[in-house]
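The structure under discussion appears below in the form of structure tokens.
Number of protein chains: 4
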Amino acid sequence: MVMPACDIPIPKKIKLAVRSYESQKTIIKLNGIEIGGDQVVIMAGPCSVESREQVLEAAIVVKEAGAQILRGGAFKPRTLPYSFQGLGEEGLKLLAEARDETGLPIVTEVMDPSEVELVETYADILQIGTRNMQNFPLLKSVGRADKPVMLKRGMSATINEWLGCAEYILAEGNLDVIMCERGIRTFEQITRNTVDISAAPILHMISHLPVIIDPSHGTGTRSLVGPLAKAGIAAGADGIMVEVHPHPDEALCDGAQSLSPEEFKFFMNDIKPIIGAVNRRL
Amino acid sequence: MVMPACDIPIPKKIKLAVRSYESQKTIIKLNGIEIGGDQVVIMAGPCSVESREQVLEAAIVVKEAGAQILRGGAFKPRTLPYSFQGLGEEGLKLLAEARDETGLPIVTEVMDPSEVELVETYADILQIGTRNMQNFPLLKSVGRADKPVMLKRGMSATINEWLGCAEYILAEGNLDVIMCERGIRTFEQITRNTVDISAAPILHMISHLPVIIDPSHGTGTRSLVGPLAKAGIAAGADGIMVEVHPHPDEALCDGAQSLSPEEFKFFMNDIKPIIGAVNRRL
Amino acid sequence: MVMPACDIPIPKKIKLAVRSYESQKTIIKLNGIEIGGDQVVIMAGPCSVESREQVLEAAIVVKEAGAQILRGGAFKPRTLPYSFQGLGEEGLKLLAEARDETGLPIVTEVMDPSEVELVETYADILQIGTRNMQNFPLLKSVGRADKPVMLKRGMSATINEWLGCAEYILAEGNLDVIMCERGIRTFEQITRNTVDISAAPILHMISHLPVIIDPSHGTGTRSLVGPLAKAGIAAGADGIMVEVHPHPDEALCDGAQSLSPEEFKFFMNDIKPIIGAVNRRL
Amino acid sequence: MVMPACDIPIPKKIKLAVRSYESQKTIIKLNGIEIGGDQVVIMAGPCSVESREQVLEAAIVVKEAGAQILRGGAFKPRTLPYSFQGLGEEGLKLLAEARDETGLPIVTEVMDPSEVELVETYADILQIGTRNMQNFPLLKSVGRADKPVMLKRGMSATINEWLGCAEYILAEGNLDVIMCERGIRTFEQITRNTVDISAAPILHMISHLPVIIDPSHGTGTRSLVGPLAKAGIAAGADGIMVEVHPHPDEALCDGAQSLSPEEFKFFMNDIKPIIGAVNRRL
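Protein chains in written order, with the working numbering: chain A, 1 to 282; chain B, 283 to 564; chain C, 565 to 846; chain D, 847 to 1128.
Next up, the structure:
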């Protein structure tokens, strides 16, 4: 009885992000949480910070249900300039307040190299969004920051290209990079994107970096968030990022994929047996 | 604590394959096995039947490791006319002999409407391959057969188109249709295809038909078969189809994605905790 | 001043469909028309044969506007079993009548290996549809027919896979194969498919077979048929297949992409300067 | 004889980039050149500026062959941090010197919002690369610049998303936006990308902005640059961007798709009849 040997080629020109550089998995320690270790880390919260009440309510809800990290967007990349663009620094302050209230570390997106310094004064993890995966000045900028970086996969990026982007961050000296699979673009119409679950085991074989799955953006569909989260955990993901909104029907963005507080409690309960089955813990 | 309600629209023009026609899941009973019920059904065996020794050895191996159904191709769709095209009827006879030896029912592909009658005298489940998903004369032909049909998703088919193909079979009177997700084509290069795990929960929400995941063709990579199988089971798949070859390095086709007997034993052991975690059984 | 040398690798395992087998372009002669020669051949007509009046009216219209071949479907592959499936042999007879009336040769689809003999008694060119590109029994069957075969590219087929399918036909002895690019599936939503114009020059470099572009299925949009036809001709296509319906708004299928008689006249006029610019003729 | 009416829906939430805002085509005047008018504008030059000799030689070659604009990268977005990243400001100075020498205006990429001011002191057109299509801070920044912007389509962007990005620039007050189709990602392996020729007629129907086709990046294959350029012009493109290198085999990037000087002369000669056929001029 043997496990199949790794048969995926390690990209040759990548030096730091690959297993040949670091055979042990990278574990990112944050406030008692270990991303990439035994834990399955749940990052939950609203798509965007909309108001003090909304973000505090969301933070308390996700904390009580067992999430370890609070997510929330202050700078929002939107398809059109006329859509809500986020509260900016005001949103960062509200996130920090929610952290003070709940003790949950914060992950939030940064979009502009010149704003990295500002965002890292508030955030615990800097998120690079899918549209900015190959925004190299931004990657270099967060590579010089003192906070871990969560790098989302580009909508049509290959895994090797994505690792090349992690390399940009690592090469600047920031070794705390988390990879986040958030779905790739296909012809399928029911889902907003197609979650490439194979990204988790592939990255674990050829890289030492932790991998998070985001089934909210990956499917765009509330009822699919749970099943895809379970799939990701079963395939070895180190965590799940999930959108939770106190009142999804009133959300300024991504309401259709956000779980309500009651749905998020169900979600947390639903994933527990799978977490146990892969010998991990929340 | 509530589960999110189904928010995926049921395709309006499909009558028989959808939940509005049949709210209970279809369970296909076969030789004491229930596909679509509590069991997670494992269909295992070689890509193609190559010889009496090979198929018997494979059948015994997969039976002993706990598989419930034997897979093997007698008619093989190959990219080029010069590749091994399968043993034809001789292959069907060898499969039947393996069934006699082990008691495992057989699933095998049929490619030509005029051969359906021949194949169903040997096979327990008729497989429609990905290249023939929209081969409508073939679908009508198996729709008139007395054996269950496993319908693989086309390489670039949407889920609604795939259900439309199931409808062709159901409309001819054959109600025993199994859907098999085998990966879709994307730009990713590491994997042969991208397994769309969301197909399982989506189909379970909008259709009553059982769903099988095929991580062997879905990834084309031996070391990914286990992780993707676990992902599929966690997301609710009713079974897994997996290629096993007594000697993968000598396989006439798909050796790179076939598990060895020892690897298959590991696989069967590896998926058990996930099966338990979703309250199902082998 | 030099033309760039061919830098596209010829697929090694393909023997007959490639330039290394036949350095001269294949020219298929049919009723005074030369497909693959100096002419740009226009195949026009309705998606499906609906009635005697419709097909005769369409045939006269396209003939008068300058088309050289009449297209029309008698056996229609449809996404659902409840859609109009074509008139079958009755449709073939009406096509033959339209040929008698106008002198235009007929191209029509065959879907079932057992119907090839029937279809070739009526048709001048046998069409293999996109859904059947890798229907190998069907390819072998038309490979034994006495009529030229037009092989549509599969919706997500690579060019090398498509050539492999041509090889199936050639290997059975039928050397008159026409390749038809009809659009591939992408994430773009405005068009039904994305016409891969590069297919024409690529095939001309690595193969000797004629290439037709089908902008009607390729775009699914009436106003794009002309621009994409001109693009195809400019890139070296040997012909264009275009849907024309006497009354598009009443069409039983594909009305949205069918040109009206007046629009088809405009189309024929519009492509002429491009045909001249590449030193070809209608 | 009538042209089919526009049957492509104008995206409702886009205000400035659409035909309903401006029914006349936008014409961008630059140094006697009119982009979006009768001319077909050729932008040619090396992928990246490598040295004084290289860029001057390239500029003279493309000028003599008839190109109207010089392209060349000073800031290069590369998949890995270890690849040549461009000469930076030194590269901009060399481009300006080449402009002084030849009179050709310069188009060059800007990647960082904080560098827009620097780049526009040298460049005549600011290019936004495919990886930065949805880099919204960058779009806003060039939207406040005084130079025209050429916006490349993202590798997997829909046309409506791409127009949304143009809207970001227009909304900041910069009305001189040029759209550049550079190929989208598909499963096809022979070409680096698939040029979506339909983008040109679609944009012309629903938007007033000029459209350029880039067959060099679109195909990644030297021998396909000419055929795809001709296709683009035939479909109505307002110009072509093409990579030309004095010595393609020594190029620091994209040598495989760069034309040599002799090949570029052939190219310019080859496209002339098509330009005439669509009633335009160089």
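Yeah, the Cβ is synthetic: ideal placement off N, Cα and C, and Gly gets one too.
Neighbourhood of residue i by C-beta distance below 8 Å, restricted to the same chain and skipping five residues each side
| i | result |
| --- | --- |
| residue 310/B | 316, 317, 318, 430, 458, 460 and 492 |
| residue 300/B | 292, 293, 445, 488, 489 and 490 |
| residue 813/C | 819 |
| residue 66/A | 42, 268 and 282 |
| residue 78/A | 84, 85 and 253 |
| residue 272/A | 282 |
| residue 228/A | 195, 197, 213, 215, 218 and 219 |
| residue 1031/D | 1001, 1002, 1039 and 1040 |
| residue 707/C | 713, 732, 733, 734, 735, 736, 737 and 738 |
| residue 897/D | 940 |
Contact list for residue i against chain C, beta-carbon separation under 7 Å
| i | result |
| --- | --- |
| residue 847/D | 826, 829, 830 and 833 |
| residue 438/B | 719, 720 and 749 |
Alpha-carbon spacing of residue i relative to residue j, whole angstroms
| i | j | result |
| --- | --- | --- |
| residue 328/B | residue 383/B | 16 Å |
| residue 26/A | residue 59/A | 27 Å |
| residue 932/D | residue 922/D | 5 Å |
| residue 304/B | residue 276/A | 34 Å |
| residue 470/B | residue 129/A | 19 Å |
| residue 519/C | residue 1069/D | Since the first residue of chain C shown is 565 and the last is 846, residue 519/C is not available in this structure. |
| residue 217/A | residue 442/B | 21 Å |
| residue 524/B | residue 512/B | 12 Å |
| residue 326/B | residue 520/B | 14 Å |
| residue 1120/D | residue 886/D | 10 Å |
| residue 903/D | residue 92/A | 51 Å |
| residue 240/A | residue 88/A | 25 Å |
| residue 81/A | residue 283/B | 37 Å |
| residue 862/D | residue 998/D | 18 Å |
Contact set between residue i and chain A, taken where Cβ atoms lie within less than 7 Å
| i | result |
| --- | --- |
| residue 505/B | 4, 5, 6, 7, 8 and 205 |
| residue 859/D | 80 and 82 |
| residue 510/B | 197, 198 and 235 |
Close beta carbons around residue i, own chain, < 7 Å, minus the five adjacent residues each side
| i | result |
| --- | --- |
| residue 55/A | 46, 49, 72, 94, 95 and 98 |
| residue 343/B | 526, 528, 543 and 546 |
| residue 700/C | 732 |
| residue 698/C | 718 and 729 |
| residue 320/B | 562 and 563 |
| residue 90/A | none |
| residue 695/C | 641 |
| residue 146/A | 120 |
Contacts that residue i makes with chain A (C-beta to C-beta distance below 8 Å)
| i | result |
| --- | --- |
| residue 749/C | 187 |
Residues near residue i by beta carbon distance below 6 Å, same chain, minus five either side
| i | result |
| --- | --- |
| residue 951/D | 876, 877, 915 and 970 |
| residue 110/A | 116, 119 and 126 |
| residue 574/B | Missing from the structure shown is residue 574/B; chain B here goes from 283 to 564 and no further. |
| residue 345/B | 384 and 386 |
| residue 767/C | 743 and 775 |
| residue 53/A | none |
Contact list for residue i against chain B, beta-carbon separation under 8 Å
| i | result |
| --- | --- |
| residue 194/A | 466, 468, 476, 478 and 480 |
Per-residue contacts from residue i into chain D (C-beta, under 9 Å)
| i | result |
| --- | --- |
| residue 279/A | What residue 279/A touches in chain D: nothing, since even the nearest Cβ is about 35 Å away. |
| residue 164/A | 924, 925, 926 and 927 |
| residue 123/A | Those do not exist, as residue 123/A stays about 17 Å from chain D at its closest Cβ, beyond 9 Å. |
Cβ-Cβ separation, residue j to residue i (assumed contact under 8 Å), whole Å
| i | j | result |
| --- | --- | --- |
| residue 1027/D | residue 1003/D | Not quite, the Cβ-Cβ distance comes to about 10 Å (not below 8 Å), so this is no contact. |
| residue 396/B | residue 678/C | 6 Å |
| residue 854/D | residue 785/C | 6 Å |
Chain-ordered chain D contacts of residue i [CB-CB under 7 Å]
| i | result |
| --- | --- |
| residue 114/A | 959 and 960 |
Neighbouring residues, chain B, relative to residue i (Cβ below 7 Å)
| i | result |
| --- | --- |
| residue 698/C | 359 and 413 |
Beta-carbon neighbours of residue i, restricted to chain C and to distances below 8 Å
| i | result |
| --- | --- |
| residue 1048/D | 754, 755 and 788 |
Do the stretch 525-542 of chain B and the stretch 222-240 of chain A touch if we need at least three Cβ pairs shorter than 8 Å?
Output reads no: the stretch 222-240 of chain A does not touch the stretch 525-542 of chain B.
Quick test of the definition: if touching needs 3 or more C-beta pairs under 8 Å, does the stretch 446-456 of chain B touch the stretch 468-479 of chain B?
The answer is no - the stretch 468-479 of chain B does not touch the stretch 446-456 of chain B, with fewer than three Cβ pairs under 8 Å.
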